[in-house]
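Participant:
In UniProt numbering, the protein residues as written are 1 to 200.
(1) Do three or more CB pairs link the region 136 to 148 to the region 118 to 125 at distances below 8 Å?
(2) For residue 98, which residues in the same chain have their Cβ closer than 7 Å to its Cβ, ignoring the five residues on either side in sequence?
(3) Contact check, residue 68 vs residue 129 under 8 Å by CB: the rounded distance?
(4) Tell me whether residue 112 sits in a helix, a strand or coil according to DSSP, three-state version.
(5) Provide the residue(s) that pair with residue 132 in DSSP beta bridges, ordered along the chain.
(6) Is residue 166 helix, strand or coil by DSSP?
(7) Could you tell me the distance, in whole angstroms, from the CA atom of residue 151 to the CA atom of residue 91?
(8) Just to confirm the assignment, what range does the alpha helix (DSSP H) spanning residue 3 have?
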């Protein structure tokens with residue numbers, strides 16, 4: 001493994017442990033037992049380092065198909081929650097990171113577009129399958145999709161803000177299902193109780 005990749009791997013681990021704001025270039029250098037100059041030879045600023053990490057994460061990212069069943073929706077929700085937990089250093093600083101890097105901002109905008117399409121297709125599929133009710137008013141599901149995008153994309157940031165004031169812990173998947181369950185048809189509710197609720 002070359003020195004540049006060593007720095008990236010170590011920085012990613014430190015960011016995961018301490019958060020983006022909790023790690024300095026000196027911390028990274030000391031952990032690798034090298035000088036700060038050796039780190040800045042590859043990455044002039046911490047912003048360049050986090051940008052490189054996010055670009056690497058983007059290469060690893062594989063888009064998921066829109067769920068067609070409640071079981072597939074449950075898998076998607078769990079996947080999103082696991083991503084939030086595994087990449088807390090990123091999701092917990094989404095807004096800040098978009099401000100320090102134009103490339104990260106571009107990635108986030110692209111991901112928002114992809115997530116919009118994912119949730120829209122998900123509810124189209126569930127509607128065609130007879131698992132969710134018809135809209136009570138025009139664009140109801142468009143509004144729901146936006147709410148779900150906000151919850152799933154910014155969950156870590158909100159949770160961090162709430163942690164000190166609200167000790168009770170609510171999981172992302174509980175919040176998402178809280179929005180979806182009231183919209184299920186009778187058939188959808190039976191499937192949820194039989195296949196998903198018992199596993200929760």
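Note that beta-carbon positions come from the ideal geometry of N, C-alpha and C, so glycine has one too. Remember, predicted model here, so these are calculated numbers, not experimental data.
Facilitator: On the basis of the supplied data:
(1) Flag = yes, the region 136 to 148 and the region 118 to 125 touch.
(2) Close CB contacts of residue 98 within its chain, under the 7 Å cut and outside five residues either way in sequence, are with 104, 105 and 108 (chain order).
(3) The pair is a contact, with the Cβ atoms about 7 Å apart (cut-off 8 Å).
(4) The answer is helix: DSSP assigns residue 112 an H, G or I state.
(5) Answer is 184, bridged to residue 132.
(6) Coil at residue 166, not helix or strand.
(7) C-alpha of residue 151 to C-alpha of residue 91: approximately 12 Å in a straight line.
(8) Residue 3: member of the alpha helix (DSSP H) spanning 3 to 18, first to last residue.
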